[in-house]
Amino acid sequence: MSFRLSQERLLGGLMAGFPVVLVRAFLPADSPDVFIVERLFSSSLVVVVSTALPRRMNVYHFKKGTEICNYSYSHDILAVRLNRQRLVVCLEESIYIHNIKDMKLLKTLLNTPSNPSGLCALSVNHSNSYLAHPGSATIGEIVVYDANILSTVTMIPAHDTPLAALAFNAQGTRLASASERGTVIRVFSIPDGQRLFEFRRGMKRYVNISSLSFSPDGQFLCTSSNTETVHIFKLEQLGITGEEASPTWTAYVGKMFSAASSYLPTGVTGMMSQDRAFATAHLLAMGRRNICTLAVIQKLPRLLVMSADGQLLIYNVDPQEGGECTLAHKHRYAPRQSQPRPELCTTSSGPSRQLITYFSSSSQRFRWRKDLSQRACTNKAYITSIIYTRL
1 MSFRLSQERL
11 LGGLMAGFPV
21 VLVRAFLPAD
31 SPDVFIVERL
41 FSSSLVVVVS
51 TALPRRMNVY
61 HFKKGTEICN
71 YSYSHDILAV
81 RLNRQRLVVC
91 LEESIYIHNI
101 KDMKLLKTLL
111 NTPSNPSGLC
121 ALSVNHSNSY
131 LAHPGSATIG
141 EIVVYDANIL
151 STVTMIPAHD
161 TPLAALAFNA
171 QGTRLASASE
181 RGTVIRVFSI
191 PDGQRLFEFR
201 RGMKRYVNIS
211 SLSFSPDGQF
221 LCTSSNTETV
231 HIFKLEQLGI
241 TGEEASPTWT
251 AYVGKMFSAA
261 SSYLPTGVTG
271 MMSQDRAFAT
281 AHLLAMGRRN
291 ICTLAVIQKL
301 PRLLVMSADG
311 QLLIYNVDPQ
321 EGGECTLAHK
331 HRYAPRQSQP
341 RPELCTTSSG
351 PSRQLITYFS
361 SSSQRFRWRK
371 DLSQRACTNK
381 AYITSIIYTR
391 L
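Its first residue numbered 1, the sequence shown is counted upward by one per residue in full-length UniProt numbering.
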């Protein structure tokens, strides 16, 4: 779970009845702005990196309001990832792996390919603690590293262009990736690195993929970008046993297509055989960076999308038929006109199905009414995160 902040307070909301629960501030009032915060699931352990000291990581026990320890690194910290076994710190050309229990440095991966965005993913399943990071700065190669036994597991040639997004499922058995081109999403089995799925979000234009997120059960994958459409893909294997047993017109056409595709160039065959989106959601505006996640809220599947301007959209998803998702609720967290717009962060999920969307505003704190149709606000605090949990 990772996110970027520009303020020093945390606000959590519980998405069952949609009240907001305030988490006590664990930083002093005069603390510098922070841009990385990681919380270990629902524990009291919080990792913070400030804008004033971007090379230092502070570890806090936020309920006690005390600092546990701090570590300094040779260059700016770009990302922090953690699970119940490991804490990973990503710099532009190196990665540090700590034992989460005593914060002892276990391994340093030096001279990694240039990674200016700090792109990496750590499995929340601590029984394997797989770490994925770019293996090249020029092509989309993925290195999968076992942070428990401290050895490389596999290297995956995922894309022709540099990587833009990585995400593990909750079990750590699948890894999704997208490149800077943004047209193809691929899913690989872990640890062997076999390609399982290949989804195309479009051939007409390149896009900037901003997030990938599996559903809690791992059956769906959603992706958002700088376009007006969020795509949801269904991860199911389409076998041919049923077609062979039932000589229907659909099966006949499928066989004819397979035979014809064998005569086509490899690139064309790949594009024709790739699965399209199972469901889509159209946003209210385009050109803004968006992040997304899939959740079960009030026993219904939902798609949550947060935009860079502080707008939260909640869509209903039909898990059987797919198609166009319907907008169920909309919330805007708009700062004062004199204040800068919120900084978008990220969204992630864990095995406990806790889903967190983080962003920062500059002036207001919001709380939801139980009917989800109204919200009240006060200028006494800063909004920086919303926590969604399925009960």
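We put the CB at the ideal spot given by N, CA and C, even for glycine.
Item, Value
"Simplified DSSP assignment, three categories, for T326", "strand"
"Terminal residues of the beta strand (DSSP E) in which Q311 lies", "311-316"
"Distance between beta carbons of R332 and N316, contact taken as under 8 Å", "In fact, because the Cβ distance is near 19 Å, the residues do not count as touching under 8 Å."
"Residues near S114 by beta carbon distance below 8 Å, same chain, minus five either side", "E92, E93, A137"
"CA-to-CA distance, V80 to L150, given in whole angstroms", "18 Å"
"The beta strand (DSSP E) enclosing L221, as first and last residue numbers", "220-225"
"CA nearest to the CA of D217, picked from L105, P191, G172", "G172"
"Per-residue DSSP class, three states only, for R336", "With a pLDDT of 39 at R336, under the threshold of 50, the predicted position of this residue should be treated as unreliable, though the coordinate-derived value follows. R336 falls in the coil class under three-state DSSP."
"Whether L166 touches S179 by CB criterion (8 Å)", "no"
"Whole-angstrom distance between C325 and N226, CA atom to CA atom", "18 Å"
"Burial state of T223 (16 or more Cβ within 10 Å)", "buried"
"Cut-off 8 Å between Cβ atoms - residues of its own chain near N208, not counting five sequence neighbours on either side", "A164, E180, G182, S225, N226, R289"
"Proximity to V89 [Cα-Cα], best of L122, E198, H159, F188", "L122"
"Secondary structure of I291, DSSP reduced to three states", "strand"
"DSSP-derived helix/strand/coil call for L40", "coil"
"Under the three-state DSSP convention, the category E243 falls into", "Here the model assigns E243 a pLDDT of 38, short of 50, so the residue's position is not dependable, and the following value carries that caveat. In the structure shown, E243 sits in a helix (DSSP, three-state: H, G or I)."
"Proximity of Q85 and N169 at Cβ, strictly below 8 Å", "no"
"DSSP-derived helix/strand/coil call for S215", "coil"
"Where M286 falls, given that 16 or more other Cβ within 10 Å makes a residue buried", "exposed"
"Distance between N111 and E141 (C-alpha atoms, nearest Å)", "16 Å"
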